[in-house]
Amino acid sequence: MAEPKPGAHAASSTSVSPRGRAILWAGGILAGAAAFYGGLLVGSNSDVPANTNVLGVQIGGMSTAEATAVLERELGPLAESPIAISAYDHTALLVPRDVGMYFDAAGTAAAASSRSFNPLDMLGRLVAAHAVEPVSTIDQDRLRLAIEDFSATVVTTPVEPKISYDGLTPTYEYGVPGRGVDVDASLGRVDAAYLSSSRVDLVVVSVPTQISDETVDSTVSGIVTSAISGPVRVEVGEARSSIPPEDIAQALHFEPKGNQFVPLLDGEFLHNVIETDLKLVEGGAKDATFRIVGDVPVVVPAVLGQGVSAEDLGVAVLSAVEQTGDARVARVDLSASQQPKLTTEAAALLGIKERISTFTQSVPTIEYMQHNLARAAKYIDGILLMPGETFSMNGTTENHNPDPAKGYMEGYVIGPGGVFQKMLGGGLSAATTTTWSAAFYAGLEPVQVRQHSRYISRYQPGIEATVAWGYFDMQFKNNTPRAIFITATTDDVSMTVSMYSTKIWDDITSEIGDFYAIVKPPKVYNDTDACAAQTGIDGFNVDYKRLFWKAGVVDHTEDFSASYLPG
3 MAEPKPGAHA
13 ASSTSVSPRG
23 RAILWAGGIL
33 AGAAAFYGGL
43 LVGSNSDVPA
53 NTNVLGVQIG
63 GMSTAEATAV
73 LERELGPLAE
83 SPIAISAYDH
93 TALLVPRDVG
103 MYFDAAGTAA
113 AASSRSFNPL
123 DMLGRLVAAH
133 AVEPVSTIDQ
143 DRLRLAIEDF
153 SATVVTTPVE
163 PKISYDGLTP
173 TYEYGVPGRG
183 VDVDASLGRV
193 DAAYLSSSRV
203 DLVVVSVPTQ
213 ISDETVDSTV
223 SGIVTSAISG
233 PVRVEVGEAR
243 SSIPPEDIAQ
253 ALHFEPKGNQ
263 FVPLLDGEFL
273 HNVIETDLKL
283 VEGGAKDATF
293 RIVGDVPVVV
303 PAVLGQGVSA
313 EDLGVAVLSA
323 VEQTGDARVA
333 RVDLSASQQP
343 KLTTEAAALL
353 GIKERISTFT
363 QSVPTIEYMQ
373 HNLARAAKYI
383 DGILLMPGET
393 FSMNGTTENH
403 NPDPAKGYME
413 GYVIGPGGVF
423 QKMLGGGLSA
433 ATTTTWSAAF
443 YAGLEPVQVR
453 QHSRYISRYQ
463 PGIEATVAWG
473 YFDMQFKNNT
483 PRAIFITATT
493 DDVSMTVSMY
503 STKIWDDITS
513 EIGDFYAIVK
523 PPKVYNDTDA
533 CAAQTGIDGF
543 NVDYKRLFWK
553 AGVVDHTEDF
563 SASYLPG
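For any residue, its number in the working numbering is found by taking its place in the sequence shown, counting from 1, and adding 2.
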């Protein structure tokens, strides 16, 4: 056996060097950690870690499928519950499914099942509660539309301020802000409230007016006040006139535009105020009209005149009202193209192209009758009745001038008690009857038509009319879509009224029934000079019809009746 070398030590089986001991300690720690980590893995080997909940619903330790089922059962009703949205004391219910809001139970379970291999996370999940946010899907477009629809019922537009005059006193009202809803911000609130709150207050905003209170104040203290500080002198060529503050206040309006008021003057109104003074330099404009050639209406062209245009007058006066004292002068040039009210082009579009009715009424050959009918025909001839307009016999023909050269002669009328007596304008009932009869056969609408109280045999029973100045009128309405041009002529024994437009019906006729409820007249004695002797007249009732024809058959009829007193 070999001997140990001098100075060498024999190795012992139980002794370890310091470096060896360190290695042994490290290995032990690693082995312990591995064992602990393995334990954590074993402790968290379910799909959903322990102590996991969703909105308080415990799903820890479950498989994903189990967690999905539990979440659907526990949170499904909440996910379907309506959400009340409110703004400005108004409330509406949003049904989640109707607006595209859905709870995703499977997605939530999957999110809860996601594993972390971080030991600290794993340890925390074993010893502490872990809340998982629910997963949901929200159709932003559908939800936005629902919020917008509700908002439309509660929002209001701002009311801009107003400025006007009460006589010569400026008056004003400040604007009122509108009510609005911030849809984007409200969308976020509803989104966040899903599955957590059953009520959401939408984000409301105030919508300001464009014109501020300060602008109202400065406008009132400025042009509103200066405009009525005195009259405005108007100079047009040789013509001179003045517009008083009262008329300026009535013609001046302030229109909100952007963030300011725009002053607007009604030049037409101002022109009417000073038109008498302007006659010195204005005139010549004539409306287009019609003349009948071979029973066909032909347009008579309008004539341009010379005058002050309403627009030019308004601009000039508006500039002047901003001045003070002697500087308040509006100088306006005459326009060589003053337009008539009815231009040639407009007249051609009125649809006046054929005769739609005519009626001739025979009358006695009496001087006052001839004179008065001719005077009435002069007033009626050439009238243009626009669609929707009403013709008034009194408004057209009434004239109380006792001078026959300027008005009517005295003639016989049916007076009180059915007694014929002389009055100014006697015989006008014949003109009234002729005009109404033409309107009747044109199919026009009666507005106020009154027959004579006693029947006069020269008239059609029922289809006749009379007037009494200051008491009752004869009126009819143009109930057609086209204008109607009326002509009136007379001769020694008759009056004729014709109407021209566009035919709607092939023909309009009448049927007059038999008289009934006949009453014999009493004897009446009157010895005054105003009374004229007359034979008695039976009283009776009568029914009559207006028939509208199209393509050879009656399209429809209108029924009328009249009642006459004995006299």
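No residue lacks a Cβ here, since even glycine has one placed at the ideal position from N, Cα and C.
Keep in mind it's a predicted model, so treat the numbers as computed, not measured.
ALA444 is the residue among ALA444, GLN60, SER166 and ALA564 whose C-alpha sits nearest the C-alpha of ARG357. Note that the segment 371-378 does not touch the segment 447-467; fewer than 3 beta-carbon pairs, one per stretch, sit closer than 8 angstroms.
Judged by DSSP secondary structure, LEU267 falls within the beta strand (DSSP E) whose first and last residues are 262-267. Rounded to whole angstroms, the Cβ separation of PHE478 and ALA441 is 5 angstroms, and the two are in contact under 8 angstroms. Annotated as proximal: ILE514 and GLY464, with beta-carbon spacing under 8 angstroms.
In the three-state reduction of the DSSP assignment, GLY285 falls in the strand class. Look at ASP509 here: in three-state DSSP terms it is strand.
Restricting attention to VAL206, PHE292, TYR414 and SER231, the CA atom closest to the CA of GLY327 is found in SER231. Secondary structure in the segment 143-206: the beta strand (DSSP E) runs of 3 residues or longer, each lying completely within the stretch, are 164-168, 171-175, 180-183 and 201-203 in chain order.
Remark: three or more beta-carbon pairs, one from each stretch, lie closer than 8 angstroms, so the segment 273-282 and the segment 224-241 are flagged as touching. If you draw a straight line from the Cα of VAL56 to the Cα of PRO160, it comes to about 46 angstroms. The residues PRO299 and THR504, in chain order, have a CB closer than 7 angstroms to that of LYS355 in the same chain once the five nearest residues on each side in sequence are set aside.
Looking at the backbone, the Cα of LEU426 and that of TRP438 are separated by about 21 angstroms. For the pair of segments examined, the segment 60-68 was found not to touch the segment 177-192: the number of CB pairs separated by less than 8 angstroms stays below three.
If you draw a straight line from the Cα of THR346 to the Cα of GLN340, it comes to about 14 angstroms. For LYS380, the enclosing alpha helix (DSSP H) stretches over residues 369-382. The residue from VAL234, THR217 and MET103 with its alpha-carbon nearest to that of PHE263 is THR217.
Counting only residues of its own chain and dropping the five nearest sequence neighbours on each side, VAL283 has a CB closer than 7 angstroms to the CB of VAL238, GLY239, GLU240, ALA241 and LEU336. Note that the C-beta distance between ASP516 and LYS552 is not below 8 angstroms. Around ALA148, the same chain offers LEU96, ASP100 and VAL101 as residues with beta carbons nearer than 8 angstroms, after the five sequence neighbours per side are excluded.
Sequence-distant partners of SER153 (beyond 5 residues in either direction) whose C-beta falls short of 6 angstroms from its own C-beta, in its chain, are VAL183. Counting only residues of its own chain and dropping the five nearest sequence neighbours on each side, LYS522 has a CB closer than 7 angstroms to the CB of ASP540 and PRO568. The C-beta distance from VAL365 to MET497 rounds to 7 angstroms, short enough to meet the 8 angstroms contact threshold. Under the three-state reduction of DSSP output, PHE550 falls in the strand class.
Annotation for ASN261: GLN212, ILE213, SER214 and THR217 place their beta carbon closer than 8 angstroms to its own, counting only its chain and skipping 5 residues before and after.
Proximity of the segment 283-295 to the segment 195-203 falls short of the contact definition, fewer than three beta-carbon pairs being nearer than 8 angstroms.
Looking at the DSSP output, ARG293 shares a beta bridge with VAL300.
In the three-state DSSP reduction, ALA89 falls in the strand class (E or B).
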